[in-house]
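Worksheet: the structure to be examined is printed underneath.
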Amino acid sequence: MKFKLNTKSEFARRAELSFPRGKIQTPAFMPVGTNGTVKGMTVEDLKSTGAEIILGNTYHLMLRPGDEAVKELGGLHKFSNWDRPILTDSGGFQVWSLGDLVKISEEGVRFSSPYDGRKIFMTPEDSIQIQENLGSDIVMAFDECTDYPSTHEQAKESMELSMRWAKRCKDAHKSSSALFGIVQGGMHEDLREESLNKIKEIGFDGVALGGLSVGESKEEKTKILAFMADKLPEDKPRYLMGVGKPEDIVEAVRYGIDMFDCVLPTRNARNGQLITSTGVVNIRNAPYKMDQGPIDENCDCKVCKNYSRAYLNHLDRTNEMLGSILSSYHNIYYYQSLMRGIREALENNLFAKFVKDFYNMRGLEMPDGPL
RNA sequence: GGAGAGGUGGGUGAGUGGUUAAUACCAGCAGACUGUAAAUCUGCCGCUUCGGCUACGUAGGUUCGAAUCCUACCCUCUCCA
Numbered sequence: 002m003k004f005k006l007n008t009k010s011e012f013a014r015r016a017e018l019s020f021p022r023g024k025i026q027t028p029a030f031m032p033v034g035t036n037g038t039v040k041g042m043t044v045e046d047l048k049s050t051g052a053e054i055i056l057g058n059t060y061h062l063m064l065r066p067g068d069e070a071v072k073e074l075g076g077l078h079k080f081s082n083w084d085r086p087i088l089t090d091s092g093g094f095q096v097w098s099l100g101d102l103v104k105i106s107e108e109g110v111r112f113s114s115p116y117d118g119r120k121i122f123m124t125p126e127d128s129i130q131i132q133e134n135l136g137s138d139i140v141m142a143f144d145e146c147t148d149y150p151s152t153h154e155q156a157k158e159s160m161e162l163s164m165r166w167a168k169r170c171k172d173a174h175k176s177s178s179a180l181f182g183i184v185q186g187g188m189h190e191d192l193r194e195e196s197l198n199k200i201k202e203i204g205f206d207g208v209a210l211g212g213l214s215v216g217e218s219k220e221e222k223t224k225i226l227a228f229m230a231d232k233l234p235e236d237k238p239r240y241l242m243g244v245g246k247p248e249d250i251v252e253a254v255r256y257g258i259d260m261f262d263c264v265l266p267t268r269n270a271r272n273g274q275l276i277t278s279t280g281v282v283n284i285r286n287a288p289y290k291m292d293q294g295p296i297d298e299n300c301d302c303k304v305c306k307n308y309s310r311a312y313l314n315h316l317d318r319t320n321e322m323l324g325s326i327l328s329s330y331h332n333i334y335y336y337q338s339l340m341r342g343i344r345e346a347l348e349n350n351l352f353a354k355f356v357k358d359f360y361n362m363r364g365l366e367m368p369d370g371p372l
């Protein structure tokens with residue numbers, strides 16, 4: 002992977018990542034395709050939104066159909082027909098989200114398959130191997146996503162385990178794919194700094210911030226982003242894992258983040274929430290039943306051009322799958338156009354104006370911070 | 001005409017003397033969702049000036065107390081002629 006920094010605002014950056022499978026313009030949003038599919042979207046649709054990279058997940062694909070099976074079928078790209086870069090999450094997040102179903106030890110993680118109950122033990126080395134079997138372009142280190150809230154001591158212990166695992170991931174990683182390390186440390190600045198230094202010392206192709214947007218307040222998250230902003234490596238991509246809402250993304254870009262992923266645009270689409278330039282629209286609500294307007298007046302996606310709010314309201318109420326499909330398309334399209342807007346603004350030295358307009362259109366006050 | 005079954009809140013449908021303004025599901029009204037155990041989950045869902053009031057086909061009755069028991073009537077469905 003090659004990293005090329007294009008322009009820069011105070012912290013916000015416009016850059017380009019090059020992979021054998023294609024380029025990624027950053028700041029970038031990566032739709033989440035956990036099971037080898039961005040739910041409700043064909044590869045053709047996905048590409049037409051402008052998505053240049055998507056996620057896949059170690060945990061899910063290892064269980065079904067199995068990473069060996071995917072490998073035998075020609076890798077995740079061929080299997081899913083997505084020929085652009087794929088970032089695979091390591092399964093670290095599942096260690097956290099599956100909670101009591103997972104038992105953690107120094108060596109690795111034990112859990113039972115929810116499908117057939119078989120006991121599985123996964124080490125950091127296994128996670129790397131699985132991601133390579135999938136044919137990942139960006140492999141993520143296997144980490145433990147620190148719980149929120151957590152005491153300094155708990156966060157320290159968790160972070161140190163993640164750092165030992167990070168070293169093992171680095172040692173186990175042999176392929177030409179990119180490998181990203183993940184900074185943990187909870188809401189504790191000293192631990193975040195220590196973790197970042199450790200990740201820098203081990204040496205990764207990119208730096209991810211993990212353990213954010215797990216229940217903390219907006220202020221706490223901003224505090225960590227602000228604290229990290231001038232310490233993150235200049236010459237490597239920075240990835241804020243699992244974030245977020247449009248306003249979270251815009252804010253994080255201000256603090257120098259290059260890459261994002263989040264299930265929100267697709268999950269919320271399936272749950273009837275459409276994301277627009279002026280805020281969210283709960284399309285299943287009564288006022289939209291007879292609303293002939295588009296989802297978003299300012300959107301030029303095919304859904305906004307061809308379908309009314311009334312129709313999407315009807316599809317949602319009747320639980321028709323097309324509702325999920327069209328809503329997902331719009332939401333992903335919105336995220337991609339948001340990122341395009343950010344990139345263009347950075348290129349043209351209009352980032353400060355872009356951010357102001359972004360908050361104005363939503364009727365929100367713009368938070369203080371770098372521009 | 002005869003025999004049987006049944007009528008419960010917007011719908012379907014539990015409940016067969018008291019803790020029942022009445023289970024559950026659906027519909028309806030809102031809300032949540034951030035490296036996807038999620039096409040999921042949560043709350044509200046008779047009226048009210050918050051003291052109460054009105055409710056289980058209708059009208060009476062029994063009882064301290066009835067959606068639940070009795071009587072009459074009305075209506076619906078099934079089967080037989």
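If you're matching positions, the first sequence starts at 2 in the numbering used here and goes up one per residue.
The C-beta atom is built at its ideal place from N, Cα and C for all residues, glycine as well.
Checklist entry - Exposed or buried, what is residue 322 when buried is set at 16 or more other beta-carbons lying within 10 Å of its beta-carbon? => result exposed
Checklist entry - Buried or exposed: residue 115, going by 16 or more other Cβ atoms within 10 Å of its Cβ? => result With fewer than 16 other beta carbons inside 10 angstroms of its own, residue 115 counts as exposed.
Checklist entry - What number of angstroms, rounded off, separates the C-alpha of residue 172 from the C-alpha of residue 228? => result Roughly 29 angstroms separates the two Cα atoms.
Checklist entry - Taking three-plus beta-carbon pairs below 8 angstroms as touching, is the region 265-274 in contact with the region 27-42? => result Inter-segment contact for the region 265-274 and the region 27-42 is present: three or more beta-carbon pairs are separated by less than 8 angstroms.
Item to check | Cβ-Cβ distance between residue 16 and residue 337 below 7 angstroms | outcome: Taking 7 angstroms as the cut-off, the Cβ atoms of residue 16 and residue 337 do not count as close.
Checklist entry - Taking the Cβ atom as the reference point for each residue, do residue 94 and residue 170 lie within a distance shorter than 7 angstroms? => result Inclusion of residue 94 and residue 170 in the CB contact set at 7 angstroms is not warranted, their separation being larger than that value.
Next on the checklist: Per the DSSP calculation, residue 32 is bridged to which residue(s)?
Outcome noted: DSSP, once it has assigned bridges, lists 263 as partnering residue 32.
Next on the checklist: For a minimum of 3 consecutive residues, which ranges assigned as the beta strand (DSSP E) are wholly contained in the region 268-321?
Outcome noted: Counting only runs of 3 or more residues that sit fully inside the region 268-321, the beta strand (DSSP E) segments are 274-277 and 280-283, in chain order.
Item to check | Distance between residue 44 and residue 82 (C-alpha atoms, nearest Å) | outcome: Cα to Cα, residue 82 sits roughly 7 angstroms from residue 44.
Checklist entry - Which residue or residues does DSSP assign as beta-bridge partners of residue 45? => result Note: residue 45 sits in no beta bridge, so no partner.
Checklist entry - From residue 19 to residue 260, what does the alpha carbon distance come to, in whole angstroms? => result Cα to Cα, residue 19 sits roughly 14 angstroms from residue 260.
Item to check | Strand pairing of residue 380, partner residues [DSSP] | outcome: No information on residue 380 is available, as it lies outside the stretch 2 to 372 that the chain covers here.
Checklist entry - In or out: residue 177 buried (at least 16 other Cβ within 10 Å) or exposed? => result exposed
Item to check | Option nearest residue 24 by Cα separation, candidates 140, 4, 294 and 33 | outcome: 4
Checklist entry - Across which residues does DSSP place residue 214 in a beta bridge pair? => result Answer by DSSP bridge pairing: none, since residue 214 is not bridged.
Next on the checklist: For residue 185, tell me which candidate among 101, 240, 34 and 350 has the shortest Cα-Cα distance.
Outcome noted: 240
Checklist entry - Considering only C-alpha positions, which residue in the set 204, 242 and 320 is nearest to residue 89? => result 242
Checklist entry - Hey, how far is the Cα of residue 371 from the Cα of residue 231? => result 11 angstroms
Checklist entry - Mind checking whether residue 183 and residue 209 have CB atoms under 7 angstroms apart? => result yes
Next on the checklist: With three or more beta-carbon pairs closer than 8 angstroms as the criterion, would you say the region 352-363 touches the region 245-264?
Outcome noted: yes
Checklist entry - Between residue 73 and residue 66, what straight-line distance do the alpha-carbon atoms span, to the nearest angstrom? => result 11 angstroms
Item to check | Simplified DSSP assignment, three categories, for residue 232 | outcome: Three-state result, residue 232: coil.
Next on the checklist: DSSP three-state label for residue 75, please.
Outcome noted: Residue 75: coil per DSSP, three-state reduction.
Checklist entry - Cβ of residue 112 within 7 angstroms of Cβ of residue 125? => result no
Next on the checklist: Considering Cα atoms alone, identify which of 8, 31 and 14 is closest to residue 267.
Outcome noted: Distances from the CA of residue 267 to each of 8, 31 and 14 were compared; the closest alpha carbon is that of 31.
Checklist entry - So what's residue 351 in DSSP terms, helix, strand or just coil? => result coil
Next on the checklist: I'd like to check one pair, residue 135 with residue 71: are the Cβ atoms closer than 7 angstroms?
Outcome noted: In contact: residue 71 and residue 135 (Cβ atoms closer than 7 angstroms).
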